[in-house]
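Chains G and V, in that order, give the protein sequences. Numbering of the first sequence is given in the UniProt record's numbering, commencing with residue 1 and proceeding in unit increments. Numbering of the second sequence is given in the UniProt record's numbering, commencing with residue 1 and proceeding in unit increments. All C-beta atoms, glycine included, are put in the ideal place defined by N, C-alpha and C. Bear in mind the structure is a predicted one, so any value in this text is a computation, not a measurement. These notes concern the structure reproduced below.
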Amino acid sequence: MSTTTTTAPATTAAPPSRWQRFRDSFLFYSFKRDLVAQLSMLVFLLMIAAAVFAPWLASMNPYDLAQIDILASELPPFWVDGSDPMYVMGTDAQGRDLLSTILHGLRVSLIIGFGAVILQATLGVCFGLLAGYMGGRIDAFLMRVADIQLSFSTLMVAIIVGALVKAIFGGATFSDYAVWLLVLIIGLAEWPQYARTVRASVLAEKSREYVDAARVMGLRSRRIMFRHILPNTLSPIFVISTVQVANAIISEAALSFLGLGMPETHPSLGSLIKSGFDYIQSGSWWITLIPGLVLVVVVLVINLLGDWLRDVLNPRLYKG
Amino acid sequence: MMTATAASHRAPADDQQPAESLLEIRGLEKRFSLSGDFLEQLKFRRGRIVREQAHVHAINGVDLTVQRGEALCVVGESGCGKSTVARTVMGLLRPTAGEIHYDGERIDHLESRALLPWRKRMQMIFQNPYASLNPRMTIQQTLEEPIRLHNASWTPQQVRDKVAEVMTDVGIAPDWGSRYGHEFSGGQRQRIAIARALAVDPEFIVADEPISALDVSIQAQVLNLLMEAQQERNLTYLFITHDLAVVEHFGTRVAVMYLGRVCEVAPTATLFARPRHPYTQALMSAIPRLEDDRPQHLRLTGEVPTPVNLPSGCVFHGRCPAANERCRREVPRLIATDDGGQVACHGVEEGRLS
Chain G
1 MSTTTTTAPA
11 TTAAPPSRWQ
21 RFRDSFLFYS
31 FKRDLVAQLS
41 MLVFLLMIAA
51 AVFAPWLASM
61 NPYDLAQIDI
71 LASELPPFWV
81 DGSDPMYVMG
91 TDAQGRDLLS
101 TILHGLRVSL
111 IIGFGAVILQ
121 ATLGVCFGLL
131 AGYMGGRIDA
141 FLMRVADIQL
151 SFSTLMVAII
161 VGALVKAIFG
171 GATFSDYAVW
181 LLVLIIGLAE
191 WPQYARTVRA
201 SVLAEKSREY
211 VDAARVMGLR
221 SRRIMFRHIL
231 PNTLSPIFVI
241 STVQVANAII
251 SEAALSFLGL
261 GMPETHPSLG
271 SLIKSGFDYI
281 QSGSWWITLI
291 PGLVLVVVVL
301 VINLLGDWLR
311 DVLNPRLYKG
Chain V
1 MMTATAASHR
11 APADDQQPAE
21 SLLEIRGLEK
31 RFSLSGDFLE
41 QLKFRRGRIV
51 REQAHVHAIN
61 GVDLTVQRGE
71 ALCVVGESGC
81 GKSTVARTVM
91 GLLRPTAGEI
101 HYDGERIDHL
111 ESRALLPWRK
121 RMQMIFQNPY
131 ASLNPRMTIQ
141 QTLEEPIRLH
151 NASWTPQQVR
161 DKVAEVMTDV
171 GIAPDWGSRY
181 GHEFSGGQRQ
191 RIAIARALAV
201 DPEFIVADEP
211 ISALDVSIQA
221 QVLNLLMEAQ
231 QERNLTYLFI
241 THDLAVVEHF
251 GTRVAVMYLG
261 RVCEVAPTAT
271 LFARPRHPYT
281 QALMSAIPRL
291 EDDRPQHLRL
301 TGEVPTPVNL
311 PSGCVFHGRC
321 PAANERCRRE
331 VPRLIATDDG
341 GQVACHGVEE
351 GRLS
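Pasting the structure below:
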């Protein structure tokens, strides 16, 4: 501003830092005013922290057979008669501390959820950009593949692949690589969701003049796609990502419940629910109910955050 | 006009100054399909399957020459194909037929890699400054991108210096580079878009209605900026517009288009003083003027025909007061007139019209 005499003060010239820009943004502003979003974010961050620090938070390691006491099986949580103060949330049928198992299971569920979404997003964004930008035969081919893929349900694909892998490599190998197999299966099964959303946004962005300007400049298609078009389609990608994380966690739980997901020795939330289901009639409801509640809360907060994000990033409500 | 086949027996008047042609468009045609892909084209008609295709004929045989150092304005009503000509010249669209020669070399069939050296010499300015800047890139990034691409060996400091230079040239303070496009007004954005075009030091600029989206008070500023740039950098313009006042102010020569064809090309003063083609005459008489005694406004009857089914012969015959049997049958070619222009009209050729 003041270009007067001596030393030019570097006051307004400095561009705002990233953090400052974020604090001034509409995103942060609407977050500050939305109690539901704040609560969801708080619960979500707590869940993430619990999952990340599970090995330190948990009182015992549920994967270590030496620590499991079979005599302490099916103990109820602390507010029910006959509980053991050592096991706050009770124990499951194998005598594992339920709280520790849930913490480790949450970790597995979240890894699968985020891993699958990263895979889906990578595939879906690449195919969607390609289909939308190139058009013509490539577009027709990729979108027909997506249609075919969508006509199989995720569970069906997962069941077939899971069963095949189990049959070919045996149950032991399957158990060792179950997490990554589930990431792969759920990731591969759901990429068309991304591809279609990205393609639709690309078609809208492609007709805008900045894309023509980039072409006139002589930029390669790849650079135009990733550097120019992709950053302008990020809002819908963020929004479906939240929903897809929740979906992937649910899919994993469903697969585990059917016995095609995580093995009992290495349980996720879904396989915990399943293992407890056999004892629900004999009165040990907590083995199913408590992991079930945790699953519901995780999925609920992720969906609430996604809802909030969709409202905030809706260009019809706000365009920046 | 100055084609390589100079065997034409009628030498045009402006052949005396050896003006060098920079861009030549020959017989350019562009059709857009309306009927979708192959399966959608199949129709069931009277017991058999036939393939039906419909096209929009955006440009139908345009011949145009842009001379080095001039500002050729292309005017015409909406939908007459003037923007399509601009986009085809820039390689954004591939012509259906015809050739485009730049500085003597054919460029319309080149792949995008092979076009790169030409991209540095020809640049484009777009109509809508609100859409032509990437909303997620700062001005600095927007301007650095073409410079980096076309001068791969430059150091980052050289690139920054060049950006500062072009920003100063168009009247934007260089320290605004860290801002985003939406932080600027329409006129400033168009200046930035001009800076982006000038950043690679082109010699030829296609401007597709560069000021029609701007506030009237800003239009003159941007137009003057374009004219200053032309003088300082010895630029050649292909200037698409529908504003005749701008043409009078800016253009060296004017090409008038109607329904995808060029009907008249002439030096600006000549065209405004003595329009030859009946469509140009009607167009000129539509300019509001502060004169009482001027002749009656020529009122055209009817509508512009649809570019899907082109009329036979002269595209203007349905609305032309002087159309006869030949006009309905035969497509008029551009012929040179005695005052230095070209006109595509049988009436002028036969001497029926002045």
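The CB of G/P236 never comes closer than 8 angstroms to any CB in chain V; the least such distance is about 14 angstroms. DSSP, reduced to helix, strand and coil, places V/Y180 within a strand of the structure shown.
For G/G135, no CB of chain V lies under 8 angstroms from its own CB, so it is not counted at the interface with that chain. A residue is called buried once 16 or more other Cβ atoms fall within 10 Å of its Cβ, and V/M137 is buried on that count. When the alpha-carbon of G/V179 is set against those of G/T265, G/V108, G/K206, the nearest one is in G/V108. The stretch 55-62 of chain G makes no contact with the stretch 253-261 of chain G: fewer than 3 CB pairs, one atom from each, lie closer than 8 angstroms. Burial state of V/P275 is buried, judged by a 10 Å Cβ sphere holding 16 or more other Cβ atoms. In this structure, the CA atom of G/G171 is about 37 angstroms from the CA atom of G/L304. Within the model, the alpha-carbon separation for G/G136 versus V/N309 is close to 26 angstroms. In this structure, DSSP gives V/G91 a state outside helix and strand, which the three-state scheme calls coil. If the five residues before and after V/R191 are omitted, its C-beta is found closer than 8 angstroms to the C-beta atoms of V170, G171, I172, V222, L225, all from its own chain and listed in chain order. In this structure, the straight-line span from the alpha carbon of V/A86 to that of V/V206 is close to 7 angstroms. Within the stretch 184-248 of chain V, complete beta strand (DSSP E) segments of at least 3 residues are found at 204-208, 236-240, given in chain order. Interface residue (Cβ-Cβ distance to chain V less than 8 angstroms): G/Y210 is classified as such. Within a 10 Å sphere around the beta-carbon of G/R208 sit 16 or more other beta-carbons, which makes this residue buried. In the DSSP assignment, V/H150 falls within the unbroken alpha helix (DSSP H) covering 139-150.
Here DSSP, grouped into helix, strand and coil, assigns G/A214 to helix.
For the options V/R329, V/D339, V/N324, the alpha carbon positioned closest to that of V/G347 is the one of V/N324. Annotation for G/M41: no beta strand (DSSP E) segment contains it, though the alpha helix (DSSP H) segment containing it runs 35-52.
Look at V/S21 here: in three-state DSSP terms it is strand. Separation of the CB atoms of G/V294 and G/L269 is rounded to 6 angstroms, and the pair is thereby assigned contact status at 8 angstroms. V/C327 sits in a helix when the DSSP states are folded into three classes. In the DSSP assignment, V/V304 falls outside any alpha helix (DSSP H) and carries neither an H nor an E. The bridge partners DSSP lists for V/S33 are V/H55. By the neighbour-count definition (other C-beta atoms within 10 Å, threshold 16), G/W308 is a buried residue. Listed along chain G are V216, each with a C-beta nearer than 7 angstroms to that of V/Q123. Each residue's CA atom was taken as its position, placing V/D215 and V/G186 some 8 angstroms apart.
Residue pairing by DSSP places V/H101 opposite V/E24, V/R106 in a beta bridge.
V/A255 is bridged by DSSP to V/V74, V/V265.
Counting only runs of at least 4 residues, the stretch 211-270 of chain G fully encloses the following alpha helix (DSSP H) elements, listed from N- to C-terminal order: 234-257. One thing to note: V/E24 has its Cβ no nearer than 8 angstroms to the Cβ of V/G98. Between the C-alpha atoms of G/L230 and G/L129 there is a straight-line separation of about 8 angstroms.
For G/L110, the uninterrupted alpha helix (DSSP H) segment begins and ends at 98-134. By the 16-neighbour rule on beta-carbons within 10 angstroms, G/Q281 is exposed. By DSSP's assignment, V/T96 forms no beta bridge with any residue. Pairing V/R189 with V/Y237 gives a Cβ-Cβ distance that is not under 8 angstroms.
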